[in-house]
Amino acid sequence: MTATICDTRPCELGEGAFWHPERQQLFWFDILSARLLSFDGTGPLAWQFDEMHSAAGWIDRDMLLLASETGLWRFDIGSGQRERLAEIEAEDDRTRSNDGRADPHGGFWIGTMGKHAEPGAGAIYRYLDGKVTRLYDSISIPNAICFSPDGRTAHFADTRRQIIWRVELDADGWPCGEREVFLDLRAQGLFPDGAVIDAEGGLWNAQWGAGRVARYLPDGQFDREILVGGRHSACPAFGGPDLRRLYVSTAREGIEHPDAAQGLLYQADGPVAGLAEPRVRA
Numbered sequence: 287m288t289a290t291i292c293d294t295r296p297c298e299l300g301e302g303a304f305w306h307p308e309r310q311q312l313f314w315f316d317i318l319s320a321r322l323l324s325f326d327g328t329g330p331l332a333w334q335f336d337e338m339h340s341a342a343g344w345i346d347r348d349m350l351l352l353a354s355e356t357g358l359w360r361f362d363i364g365s366g367q368r369e370r371l372a373e374i375e376a377e378d379d380r381t382r383s384n385d386g387r388a389d390p391h392g393g394f395w396i397g398t399m400g401k402h403a404e405p406g407a408g409a410i411y412r413y414l415d416g417k418v419t420r421l422y423d424s425i426s427i428p429n430a431i432c433f434s435p436d437g438r439t440a441h442f443a444d445t446r447r448q449i450i451w452r453v454e455l456d457a458d459g460w461p462c463g464e465r466e467v468f469l470d471l472r473a474q475g476l477f478p479d480g481a482v483i484d485a486e487g488g489l490w491n492a493q494w495g496a497g498r499v500a501r502y503l504p505d506g507q508f509d510r511e512i513l514v515g516g517r518h519s520a521c522p523a524f525g526g527p528d529l530r531r532l533y534v535s536t537a538r539e540g541i542e543h544p545d546a547a548q549g550l551l552y553q554a555d556g557p558v559a560g561l562a563e564p565r566v567r568a
C-alpha cells in the first residue's frame, strides 16, 4: 500500500503527528522550524514558537499539552497562548524534546535528546499530576513511545541503537519490571522512529530513511508496510471519524537535495482502526 500526500507544506523535521479525538483534527510539528501545524475546514493552520516543540497530548477540547526544548506547556488552541506546566532540562541548552505520547492512565511520556543527537545525551520522562519523573536515561534518540490497548505495556526506542523495547506497566501506568527487547532492527538496517499501536495491538513504526511505516504484531512478527514518498518517515497517527486513516509525517533533514516529496504529510486508509489518544491529566 502506498500513502498519498495530504498537506504540501514541507517540514524540515516533521514529527509528533497527533489526532485530537474531540476536535477531529490532526496536529503535527516541524521541530527545527519551531512550528505547530494543523488544518481544519477553513484551511491550513500554523503557530510559530520561539523554541522547538515536538509532541502533544490533549487536555480538553480547547487545550493541548505541548512538549518543548525547555518543558511542558498548556496551550490554548484558539488564542495561541502558552502556560508552562513543568520544566524539563530547561537549564541544559544542549538538549531538546523529541517523541512523546499520552498514556492510558492520564500521564504523558516525553523523550529528550541532544540537539546534535549526541550519544546518550537524552532521557525519557513521565509527567503525571503536575510532577515530572525520569524513567530512563542514556538515550540518544528517543522514539516509538506508544502503549498497548489495555494500558499495561509501554514501548519506546532508541533510534541510534535500532531497538524498540517494551516494559510492563502497573495499574497506575508506572514501569514495574525490566525493559525487554521487542524489536531488534539492526540486522535489517532499519532505524525506528515514531510509532503508534492500533486497536488489535499491532505496532506501526515509521522507519527513518526507509520511506515506510511497518506494522508488527504483538509477538514482534512483521505484518505489512505502507510506503510514503518521504524518505525519512518520522511519525504515524491514526485519525479520521473511524480512526482508520493513518497519517505520517516526514522530514527533509539530512537530505542534501530534497525533492518535492520530502518533508510532507502523507495519509493512507489502513486495514485496521487505531486507538483514540487518551486525555492528559494536567
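Just remember that my numbering sits 286 ahead of the position in the sequence shown, which is counted from 1.
We treat Cβ as the ideally placed atom computed from N, Cα and C, and that holds for glycine.
Predicted model, so just to flag it, every value in this text is computed and none were measured.
Residue range 357–362 is occupied by the beta strand (DSSP E) that includes LEU358. Comparing C-alpha distances from ALA546 to each of GLY560, CYS521, ARG517 and ASP470 shows the shortest one belongs to ARG517.
In this structure TRP490 is not in contact with PRO527, their Cβ atoms being roughly 19 Å apart against a cut-off of 8 Å. In the three-state DSSP reduction, THR536 falls in the strand class (E or B). Pairwise C-beta distances place the region 380–399 in contact with the region 454–470, as three or more of them are shorter than 8 Å. Non-local beta-carbon contacts of ALA485 in its own chain, meaning distances under 8 Å to residues more than five positions away in sequence, involve PRO435, LEU529, VAL558, ALA559, GLY560 and LEU561 in chain order. Counting only residues of its own chain and dropping the five nearest sequence neighbours on each side, GLY549 has a CB closer than 7 Å to the CB of PRO296, CYS297, GLU298, GLY300, GLY516, THR536, ALA537 and ARG538.
In the DSSP assignment, PHE335 falls outside any beta strand (DSSP E), carrying neither H nor E. For THR328, the three-state secondary structure derived from DSSP is coil.
By the Cβ neighbour-count rule, GLN310 is exposed, with fewer than 16 other Cβ atoms within 10 Å of its own.
Of the candidates ALA376, ARG368 and GLU542, the residue whose Cα lies closest to the Cα of GLY400 is ALA376. GLU337 and HIS543 have their C-alpha atoms roughly 26 Å apart.
Assignment of beta-bridge partners to ARG412 by DSSP yields TRP395 and THR419. Where PRO428 is concerned, the enclosing beta strand (DSSP E) starts and stops at 428–433. DSSP, reduced to helix, strand and coil, places LEU489 within a strand of the structure shown.
Going by beta carbons, GLU373 and ARG360 fall outside the 9 Å limit. The Cβ atoms of THR445 and SER426 lie closer than 9 Å to each other. ARG438 has its alpha-carbon roughly 18 Å from the corresponding atom of TYR422. Contact check for GLN448 and LEU471: beta-carbon distance about 5 Å, within the 8 Å limit, so the pair qualifies. Note on ASP326: under 16 other CB atoms within 10 angstroms of its CB, so exposed under the neighbour-count rule. Across the structure, GLN367 and GLY397 are spaced so that their CA atoms are roughly 23 Å apart. Check the Cα spacing between ILE450 and each of ALA440, GLY463 and VAL467: the tightest is with VAL467. Taking every protein chain shown into account, the CB of THR356 has 16 or more other CB atoms within 10 angstroms, so this residue is buried. Between the C-alpha atoms of THR294 and GLU464 there is a straight-line separation of about 42 Å. Comparing C-alpha distances from TRP333 to each of ARG567, PHE315, PRO564 and ALA520 shows the shortest one belongs to PHE315. For the pair MET287 and ASP555, the Cα-to-Cα distance works out to about 9 Å.
Closest in C-alpha terms to ALA443, from the list LYS417, GLY497 and ARG387, comes ARG387. C-alpha of ARG452 to C-alpha of PRO504: approximately 11 Å in a straight line. For ILE483, the enclosing beta strand (DSSP E) stretches over residues 477–483. With 16 or more other CB atoms across the displayed protein chains lying within 10 angstroms of its CB, LEU371 is buried.
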